Structure formats: structure tokens, C-alpha cells
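K.L.:
The structure is given below, and queries will be raised subsequently.
Here is the structure:
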């Protein structure tokens, strides 16, 4: 089905040219281009047998679609080429992925599918040849690993060896875990350890693991399923977050601190990272959530990616900020300084369905505020902050079609707050205090819901500075 209406199709976020998209895959830099692949069903707006869609960019901002990279056309991946990674070696691009096979004959063992690890190689980043001796890794023969759930390889090099993490769970399906493999040639792999396992309320299956050393810390990023809600935390169907710790490469054991979320909004899953030539670690995730309504399916497409985000470790937390290259999208600027007001206020030139908003707020004078995005007479997406409670919230109850409800996050006490917000037809990404917290959400308002309204809810609203940018195109429009 081709795209029939672009009312919600992004202007500068990655989306498939048509039909279904979910997890980002194979994010890497290869021969002068950034490559991003994604889980894709090219024949329907619904999830189906997974292919790897493909897109490339010179600058992580302006993208071009490429032909489908992987298709489920071998026995070992006949029911889907599931998620994985990309890495350059000897001038070639290796992509590792999970082959998925439905196996009714294993149902009496407690699962009716088998997952194996595979790879394909490309010399140009476009055309791939699957390794003739796939699958290269089967589920390890141990009573500590579930026989079916075994997916989403991530490969990196450390010293003279290559390492791979794979998502897994225990046989009783109660605890998620990460398996570690090592290789000297990137082709032949040995199981090394159960690198990390869930404790307490950390989920029953750990998907989409990523691993990197960021600012001297070993960061394990993953997406745990079935984390139980804790008051107003872990409110999505599935979560995505990280540990900060240290991997002992000799023993294969990873020691770490507490689990923390990477994004506190309603739509963020399966983040994937890559370390680019200048040393930065950049992350992209699926800007959607399983089981959420996707009204864009009526228009011939479904799903999109977050903006690329740069990761850093600061004060024992992972901070994420929009990459600086996004500034190249800016077309025009509207700015204001030192504004104090006592009633709902709109600023001339600050409105639209597509744009970038940067606002610095004086919290000494502004105890509580509301900002309505994509607002009209009967629609709005509501952001609120209460300084006494130190809570920032986003509410989608009046955001048009799509999902409803509220999400919140706590903010460290401070005299100032910086909000950096990106709007793109059917999405909002909010970076708070230079990446201390991030909230991402899909929204589906009507085209005429374009106002941005600043509302003091406790006396005074004081803005030190405000900038609003109109933005250009980053992805081909259908």
C-alpha cells in the first residue's frame, strides 16, 4: 500500500517510504555514509514477516532510501530477518541479525519458534550476500537459557577480539538476561557467559541489547519486557533503558548499578547505538510503542524513528541530546528575550506542526507552568511543570487521534529549566535541561492545530529566552 496522505508523515524523521516499520537495525558508518536499517514489512501497514529496510545519509540528517537489504528467503530465516547490528571489517560491511523460524514441533518444549544468529556481507552498503554457512550461532546448550527467545545481536571490537551480546531469558520465562559471545575472526563464535540477568522488577525478556564504552563507562542498553508498573513509572507496555557498569572481559561478567530509563515518554523502544568517526555515541530508537494505536496506517504507512541523539555520562546518569547536525535543518528563526507575563500568551511567529522550540525558563519566578503544543479550540498536547513537586508531565488526552494518557518524570531542583522541543507532524520529542530527561510521544492532531500557548498556572511565567525555528526536509516525501 502506498502512502495516500502525508498529514502525519514526518518531514525530517526517518520513516519507511510506505508500509510497516519498527526497530532500528545495523546502525553504522561505512565508506562515507551513515547506514540505518530497520525492521520492515514491505507488503502491509501491519507487522509481518520481517525484512531489513535501508536508508543512508552523509550527515545523519538528510536521508535517502535504499533497496531492501535482507529478505526472509532462507530456511533459517524463513519467518523473519529479526533485529541486529552492523560493523565494518576489512573494508566490508557485516550485518548480524536473528533468523526466526516457526517450529510447531517444539511446542511441547514450551515454545513454537526457534531463533538463530546469522550474518550477511556487503562491499557497497546496498547489496548483501548471506553467509553460506548460516546460521552461525544456535541457542547454547545449557539449562540456563530459554530455547526459543534468543535474538538481536550487537557486535563490537575490544582489543584483538570481537564480542557479541544477544537478548535472552531464563527457561521459566521469569527473568531477562544478556548472553555474551567472543570471536577472533567475527565469523566463528564461542559462548562465553551469561553477562547479566534481571533482578527483581527488571523484566522477563531482555531484547535489543547494545553495549559501548561511553565517557569511560561500560553502558549496557536494552529493552526489558514485562517490567511491572511502579506508581507512575514504567507505564508503557515495554521499557527501554540502561545500566552503567564494568564488563570484565576475562570472566564475561558485567557488574552495574540501577536500571534507568532512556526516555520517559509514551513512544520509545528498541534503541540502537553506534560510535561515529569523531568519537561520539549516537542513538536512534523506534518512536512508537507496541500495542499503541497507529492512525497513520489508514494513510499507507506505520511507524517512525526518533531523531539521532548523542549520549554522554554525567553525574552517574546517561544524558541524551539532539545531535548538532540537526541545526542544518533550520530555515528561519524567531526569537524573544526577557518575557514576563501573567496570563496565557502566544508569541508571533511561534507556531506550526513542524518546528524546533528552545525555551529557557526562570524557575525562581515561575513556580508552575503549562505549555500547550499543537493547540486549537479543542485539541492540544499539554506540557506541565510543578517546581514544588519537581515533576514534568506530558498529557495526550486532547492530542487528537491515537494514544491518550499522561507520562511524567522527575527533574533535579534548579533555578532554570531549558526545554528543547522538536515537532514533526505526528511526533514530539522533548529534551529537558540538556538531556537530563527526554520524553517522546506520537500525536495525531488535525492540521489546523498549530498554536503554541504559554500558560502561567501559579502567578508568573518568566522566559529568559525563546527561539523557534522552521525546519526543512530531511527525508524524501511520498
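In this note's numbering, the protein residues as written are 8 to 485. Glycine residues also receive a C-beta, built at the ideal position from the N, C-alpha and C atoms. Here the structure is a predicted model, which is why all the values come from computation and not from measurement.
(1) Per DSSP, residue 473 forms a beta bridge with which residues?
(2) Going by DSSP, what residue range makes up the beta strand (DSSP E) through residue 358?
(3) Which value, in whole angstroms, describes the spacing of the CA atoms of residue 38 and residue 215?
(4) Taking only three categories from DSSP, how would you classify residue 331?
(5) Near residue 390, which residues of its chain fall below 6 Å by C-beta distance, leaving aside the five closest residues on each side in sequence?
(6) Go through the segment 13 to 53 residue by residue and report every complete run of the alpha helix (DSSP H) that reaches 4 residues or more, in order.
(7) Tell me, please, which residues DSSP counts as bridged to residue 448.
(8) Nearest CA to the CA of residue 462: which residue from 352, 396, 382 and 447?
(9) Is the beta carbon of residue 228 less than 7 Å from the beta carbon of residue 160?
(10) Return yes when the Cβ of residue 105 is within less than 7 Å of the Cβ of residue 121, no when it is not.
(11) Report all residues from its chain with a CB closer than 8 Å to the CB of residue 195; omit the five preceding and five following residues, and keep chain order.
(12) What distance in whole Å lies between the Cβ atoms of residue 431 and residue 19, which are believed to be in contact at a cut-off of 8 Å?
(13) Residues in the same chain with beta-carbon distance under 7 Å from residue 130, minus the five sequence neighbours each way, listed in chain order, please.
(14) Taking the Cβ atom as the reference point for each residue, do residue 193 and residue 346 lie within a distance shorter than 7 Å?
(15) Helix, strand or coil for residue 493? Go by DSSP, reduced to three states.
(16) Beta carbon of residue 243, beta carbon of residue 312: below 7 Å?
(17) Which runs of the beta strand (DSSP E) at least 3 residues long sit entirely within the segment 74 to 155? Give them in chain order.
(18) Assuming contact is defined by CB atoms lying nearer than 7 Å, are residue 91 and residue 57 in contact in what I supplied?
(19) Figure out for me which residue from 163, 201, 213 and 247 has the closest Cα to the Cα of residue 3.
P.N.:
Judging by the given coordinates:
(1) Bridge partners of residue 473: 343 and 366.
(2) Unbroken run through residue 358: none, as it is neither H nor E.
(3) C-alpha separation (whole angstroms): 25 Å.
(4) DSSP places residue 331 in helix when its eight states are reduced to three.
(5) Correct list, in chain order: 378 and 401.
(6) Annotation: the segment 13 to 53 contains no complete segment of the alpha helix (DSSP H) (minimum length 4 residues).
(7) Residue pairing for residue 448: DSSP places it in a beta bridge opposite 435.
(8) If we check each option's Cα against that of residue 462, 352 comes out closest.
(9) No; because the gap between Cβ atoms is not below 7 Å, this pair is not in contact.
(10) Result no, Cβ atoms of residue 121 and residue 105 do not sit closer than 7 Å.
(11) If you ignore the 5 residues before and after residue 195, its C-beta comes within less than 8 Å of the C-beta of 143, all in its own chain and listed in chain order.
(12) Indeed, because the Cβ distance is near 6 Å, the residues count as touching under 8 Å.
(13) Annotation for residue 130: 99 place their beta carbon closer than 7 Å to its own, counting only its chain and skipping 5 residues before and after.
(14) In this structure, residue 193 keeps its C-beta atom at 7 Å or more from the C-beta atom of residue 346.
(15) With the chain covering 8 to 485 only, the question about residue 493 has no answer from this structure.
(16) No, the Cβ-Cβ distance between residue 243 and residue 312 is not below 7 Å.
(17) Look at the segment 74 to 155 and you find these whole runs of beta strand (DSSP E), each 3 residues long or longer: 88 to 96, 99 to 109 and 120 to 129.
(18) Inclusion of residue 91 and residue 57 in the CB contact set at 7 Å is not warranted, their separation being larger than that value.
(19) There is no way to answer for residue 3, as the model of the chain reaches only from 8 to 485.
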